[in-house]
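Quick notes on the structure that follows.
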Amino acid sequence: MEAINVNVGNQYSNAFNAEKSKAYEQVAQHNKNHNPLEGHHIHDVENSDSKMHNAAVNVSISMESLKVFLNIKSVELSQNNASAQNSLMNIINNTEVYDFLSGKEIDGGFSLKSIGYEGKAITELSSSEAKELVSDEGFFGITKTSERVSSFVIDLSGNKVEALQEARKGIVQGFEEAEKMWGGELPEISYQTQERTLKIIDEKIAELLKTDTQKEAENTDIKDEE
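Last residue of the sequence shown? That's 535 in the working numbering, and every number before it is there in order.
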């Protein structure tokens with residue numbers, strides 16, 4: 310959404326006021342000059358009335374234009390200010406988030422470095438740098454993030470199905486908590502990353518379950534042979 314230019318609003322207001330003043334001047338002039346008793350012809354009166362009608366229409370159109378403009382700009386102004394307040398309150402109410410994005414350590418020694426990120430603090434990124442960071446090849450892009458998270462929990466589980474299932478629950482819970490922290494909704498990239506992460510973990514769980522089934526079958530075959 311484009312930034313609000315208050316001067317543009319003033320231009321509309323000034324244009325309307327100028328049009329209104331012009332119309333009022335025409336009305337005043339008409340009242341001063343128009344006197345049927347002094348021998349004005351009918352067509353002169355009609356022409357004068359026509360000008361008055363046009364002036365009134367111009368004022369009406371200007372007023373409608375101003376009302377539409379004010380409505381649109383009021384929506385933008387209200388929305389942008391509410392968004393700014395929300396962003397600031399998130400920082401005020403959750404200083405850990407700001408500290409984390411700034412590259413500082415928070416409770417438990419958790420920081421950007423602890424998840425392998427060695428770049429510039431997120432709070433210092435330019436717009437282009439931020440876009441690059443969440444691109445397909447970026448550190449926080451869908452592919453690298455989902456692979457990083459899934460690899461961590463898979464390695465930590467030690468190929469134990471129960472442990473991996475518990476880790477999966479933790480990932481879902483953490484995602485839901487992140488949603489609440491950011492007002493109930495995250496960027497689309499976060500949902501796509503979560504979906505891909507869980508898919509990788511589910512495929513690993515299916516692989517391990519299949520392996521366990523195969524082992525049981527092999528053990529049964531061995532016993533039968535004995």
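For every residue, glycine included, the Cβ atom is placed at its ideal position computed from N, Cα and C.
- request: Could you tell me which residues DSSP pairs with F449 in its beta bridges?
  value: As a first step, residue 449 must be located in the sequence shown, where it is residue number 140. Note: F449 sits in no beta bridge, so no partner.
task: Find the nearest neighbour of I431 within the set G467, D416, F449 and E486, judged by alpha-carbon distance.
output: Sequence index remark: in the sequence shown, residue 431 carries index 122 (1-based). I431 has its Cα closest to that of F449, out of G467, D416, F449 and E486.
message: Quick check on the DSSP output: the alpha helix (DSSP H) that includes E433 runs from which residue to which?
response: Walking along the sequence shown from the start, residue 433 turns up at place 124. Where E433 is concerned, there is no enclosing alpha helix (DSSP H), given that its DSSP letter is neither H nor E.
query: Do you know how far the Cα of S383 is from the Cα of Y500?
result: Working through the sequence shown from its first residue, we reach residue 500 at position 191. Working through the sequence shown from its first residue, we reach residue 383 at position 74. Cα-Cα distance, rounded: 32 Å.
Euclidean distance between Cα positions of I498 and D416: On the sequence shown, residue 498 is found 189 positions in, with the first residue counted as 1. On the sequence shown, residue 416 is found 107 positions in, with the first residue counted as 1. One C-alpha to the other measures close to 26 Å.
field: Beta-carbon gap between I509 and S437 smaller than 9 Å
entry: Indexing the sequence shown from 1 puts residue 509 at position 200. Indexing the sequence shown from 1 puts residue 437 at position 128. Contact: no.
- prompt: Are S420 and K429 close, meaning C-beta to C-beta below 9 Å?
  reply: Counting from 1 along the sequence shown, the entry for residue 420 is found at position 111. Counting from 1 along the sequence shown, the entry for residue 429 is found at position 120. Taking 9 Å as the Cβ cut-off, S420 and K429 do not qualify as a contacting pair.
message: G479 and R457 - do their beta-carbons sit closer together than 9 Å?
response: Taking the sequence shown and counting its residues from 1, the one referred to as residue 457 is at position 148. Taking the sequence shown and counting its residues from 1, the one referred to as residue 479 is at position 170. No.
- prompt: K519: buried (16+ other C-beta within 10 angstroms of its C-beta) or exposed?
  reply: Position 210 of the sequence shown, counted from the first residue, corresponds to residue 519. With fewer than 16 other Cβ atoms within 10 Å, it is exposed.
- request: Identify whether L346 lies in helix, strand or coil by the three-state DSSP scheme.
  value: As a first step, residue 346 is located in the sequence shown; it is residue number 37 there, counting from the start. Bear in mind that the predicted position of L346 carries a pLDDT of just 45, short of 50, making it unreliable; the figure below should be weighed with that in mind. Residue state for L346 is assigned as helix, using DSSP reduced to three classes.
message: Which residue wins for smallest C-alpha separation from I463, given the options T452, R477, T454 and E427?
response: The count along the sequence shown starts at 1 and reaches residue 463 at position 154. Checking every option, the nearest Cα to that of I463 belongs to R477.
field: Cα-Cα separation, A515 to S435
entry: Taking the first residue of the sequence shown as 1, we reach residue 515 at position 206. Taking the first residue of the sequence shown as 1, we reach residue 435 at position 126. Each residue's Cα considered, the two are about 42 Å apart.
message: In the DSSP output, what is I415 paired with across the bridge?
response: Here residue 415 is taken as the residue at index 106 of the sequence shown, counted from 1. DSSP lists F419 as partners of I415.
- request: Specify the secondary structure class of N403 as computed by DSSP and reduced to three states.
  value: Within the sequence shown, numbered from 1, the residue matching residue 403 stands at position 94. If DSSP states are grouped into helix, strand and coil, N403 belongs with coil.
query: Around the Cβ of K422, are there at least 16 other Cβ atoms within 10 angstroms (buried) or fewer (exposed)?
result: Residue mapping note: residue 422 aligns to position 113 of the sequence shown, counting from 1. Flag for K422 reads exposed.
task: Can you grab the Cα-Cα spacing for the pair N399 / M490, in whole Å?
output: Here residue 399 refers to the residue found at position 90 when the sequence shown is read from its first residue. Here residue 490 refers to the residue found at position 181 when the sequence shown is read from its first residue. Roughly 8 Å between the two C-alpha positions.
- prompt: So, is T502 buried or exposed, given that buried needs 16 or more other C-beta atoms within 10 angstroms?
  reply: Here residue 502 refers to the residue found at position 193 when the sequence shown is read from its first residue. Counting every other CB atom within 10 Å of its CB across the protein chains shown gives T502 a total of 16 or more, marking it as buried.
query: When the distance is taken between beta carbons, is L507 closer than 9 Å to V470?
result: Within the sequence shown, numbered from 1, the residue matching residue 470 stands at position 161. Within the sequence shown, numbered from 1, the residue matching residue 507 stands at position 198. Cβ atoms of V470 and L507: not closer than 9 Å.
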